[in-house]
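J.: One structure coming up, written as structure tokens, with questions to follow.
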Amino acid sequence: MPSHPTLDAELVVWWECEAARLESLAASARFGFTRRHYARKAAAARARAQVSRLREQAREPAPRPAIG
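Under this note's numbering, think of the first position of the sequence shown as 2, with each following residue one higher.
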């Protein structure tokens with residue numbers, strides 16, 4: 002197992018933080034169209050985090066079957 006995080010692991014954290022930031026902006030938006038814009042961008046950021054999360058899970062080694 003590598004001692005450093007992979008790019009996908011870092012991207013998961015980054016996109017989740019970005020989504021939280023955008024949701025905060027959406028919550029404080031004055032106009033509805035701005036609120037919806039930030040909410041859509043937050044949803045897209047969460048989707049990108051999910052893609053990296055799935056790649057990271059696929060990278061993990063499969064459990065070895067028990068012998069004997």
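C-beta: ideal position from N, C-alpha, C; glycine also.
Pair every Cβ in the stretch 9–22 with every Cβ in the stretch 39–54, then say whether three or more of these pairs are closer than 8 Å.
T.: Cβ pair count under 8 Å is three or more, so yes.
J.: Hey, quick one: how far does the alpha helix (DSSP H) through T35 stretch, first residue to last?
T.: Taken as a continuous stretch (DSSP letters only), the alpha helix (DSSP H) holding T35 covers 33–60.
J.: Provide the residue span of the alpha helix (DSSP H) that contains R65, from first to last.
T.: R65 -> no alpha helix (DSSP H), and no H or E assigned at all.
J.: Among K42, T35, E61, which residue has its Cα nearest to the Cα of C18?
T.: The residue with the shortest Cα to Cα distance from C18 is K42.
J.: Check whether the Cβ atoms of Y39 and A21 sit closer than 8 Å, and answer yes or no.
T.: Cβ atoms of Y39 and A21: not closer than 8 Å.
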